[in-house]
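Asks: Taken in order, these protein sequences are the chains called U and H. According to our numbering, the first sequence holds residues 521 to 646 in order. According to our numbering, the second sequence holds residues 521 to 646 in order. Where a beta carbon is used, it is the ideal one built from N, C-alpha and C, also for glycine. Here it is: the structure, laid out below.
There are 2 protein chains.
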Amino acid sequence: MTEKNKNTIQCRSRLRILSGDLIALGPGKVDLLESIGREGSISQAARERHLSYRRAWNMVDTMNRCFKEPLVISVTGGKGGGGAELTPTGKRVIKLYREMENNANVAIQTEWKALKKLLSLENLRG
Amino acid sequence: MTEKNKNTIQCRSRLRILSGDLIALGPGKVDLLESIGREGSISQAARERHLSYRRAWNMVDTMNRCFKEPLVISVTGGKGGGGAELTPTGKRVIKLYREMENNANVAIQTEWKALKKLLSLENLRG
Numbered sequence: 521m522t523e524k525n526k527n528t529i530q531c532r533s534r535l536r537i538l539s540g541d542l543i544a545l546g547p548g549k550v551d552l553l554e555s556i557g558r559e560g561s562i563s564q565a566a567r568e569r570h571l572s573y574r575r576a577w578n579m580v581d582t583m584n585r586c587f588k589e590p591l592v593i594s595v596t597g598g599k600g601g602g603g604a605e606l607t608p609t610g611k612r613v614i615k616l617y618r619e620m621e622n623n624a625n626v627a628i629q630t631e632w633k634a635l636k637k638l639l640s641l642e643n644l645r646g
Numbered sequence: 521m522t523e524k525n526k527n528t529i530q531c532r533s534r535l536r537i538l539s540g541d542l543i544a545l546g547p548g549k550v551d552l553l554e555s556i557g558r559e560g561s562i563s564q565a566a567r568e569r570h571l572s573y574r575r576a577w578n579m580v581d582t583m584n585r586c587f588k589e590p591l592v593i594s595v596t597g598g599k600g601g602g603g604a605e606l607t608p609t610g611k612r613v614i615k616l617y618r619e620m621e622n623n624a625n626v627a628i629q630t631e632w633k634a635l636k637k638l639l640s641l642e643n644l645r646g
């Protein structure tokens, strides 16, 4: 939570996709995928998301096992001798998830405006 | 997670309303409000939601402090000598939250159908 959030009232929609017992996708996993796409490496992406390498690797492994095709693959060569990149399926999954998030946020606005009016502002820092 | 969920792929939308540092409302708190409405008592509702009394009381206290008017009030008399009930604001908050949840779920269906096709069925128990 950033300093800014301490002064605001907000509504967050978090989507979680479950495949049986496993969380195939959720906000943390999608953030991680986007970081991998940017950084080209699981270890760099883990650092960006404040995760241990082990944790990030397990998240990638879970996602790869939950989808028919992997979302992230290893690549060899380049600076540092290897890295990771998003597959076309990985890119598509991010896009669909972000669209769902966005559509959900649009869909809740009318009730959210009504609910917001019932909230007190007294907990917020001045 | 119930036995049934172990065999399914599903997408859950969870809405969390933040008032500064506090979680004013989320799935667990709304479930608790509904239980209080049914049971007429925080302790009975806590039992129904598998929460300690202390935890349930703290959740109610947070909600009451986050809204301009309390969502739950104590009532005296009746069997057991006292209980709790939802205020009109409490009932309205549940209704708005459930509508938001429902609208969000409707809004994500197109992308969810596309995403579902990319998921493997191999993790699911037969």
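#1: Along chain U, which residues have their Cβ under 8 Å away from the Cβ of Val626 of chain H?
#2: So that I know if they touch, is there some Cβ in chain U lying closer than 8 Å to that of Met620 of chain H?
#3: Under 8 Å by Cβ, that's how I've got Lys611 of chain U and Leu638 of chain H pegged, so tell me the actual separation to the nearest angstrom.
#4: Output the boundary residues of the beta strand (DSSP E) element that contains Ile556 of chain H.
#5: What's the C-alpha gap between Gly546 of chain U and Asp541 of chain H?
#6: Have a look at H:Ser563, H:Ile614, H:Arg558, H:Arg575 and flag the residue whose alpha-carbon is nearest the alpha-carbon of Pro590 of chain H.
#7: If you reduce the DSSP assignment to three classes, tell me which class Arg569 of chain U lands in.
#8: Assuming Leu553 of chain H and Ala624 of chain H are in contact, meaning their beta carbons sit under 8 Å apart, how far apart are those beta carbons, in whole angstroms?
#9: Among H:Ala604, H:Ser555, H:Met579, H:Asn578, which has the Cα closest to the Cα of Glu568 of chain H?
#10: For Ile568 of chain U, return the contacting residues in chain H, with the cut-off set at a CB-CB distance below 8 Å.
#11: So if I threshold CB-CB distances at 7 Å, which residues from the stretch 559 to 592 of chain H count as touching chain U?
#12: Count the other CB atoms, across all protein chains shown, that sit within 10 Å of the CB of Tyr573 of chain U; report buried if there are 16 or more and exposed otherwise.
#13: Look at the alpha carbon of Ala634 of chain H and the alpha carbon of Glu619 of chain U, and state the distance between them as a whole number of angstroms.
Replies: In short, the structure shows the following:
#1: Ala627
#2: Answer yes: the Cβ-Cβ gap between Met620 of chain H and chain U drops below 8 Å somewhere.
#3: Not a contact, Cβ separation roughly 12 Å.
#4: Note, Ile556 of chain H: premise wrong, no beta strand (DSSP E); alpha helix (DSSP H) at 547 to 559.
#5: Looking at the backbone, the Cα of Gly546 of chain U and that of Asp541 of chain H are separated by about 22 Å.
#6: Of H:Ser563, H:Ile614, H:Arg558, H:Arg575, the residue nearest in Cα terms is H:Ile614.
#7: coil
#8: Going by Cβ atoms, the distance from Leu553 of chain H to Ala624 of chain H rounds to 19 Å, so no, they are not a contact pair.
#9: H:Ser555
#10: The residue you asked about is not Ile; residue 568 of chain U is Glu in the sequence shown. The premise fails here: Glu568 of chain U is roughly 23 Å from chain H at the closest Cβ pair, so nothing lies under 8 Å.
#11: Arg585, Cys586, Phe587, Lys588
#12: exposed
#13: 11 Å
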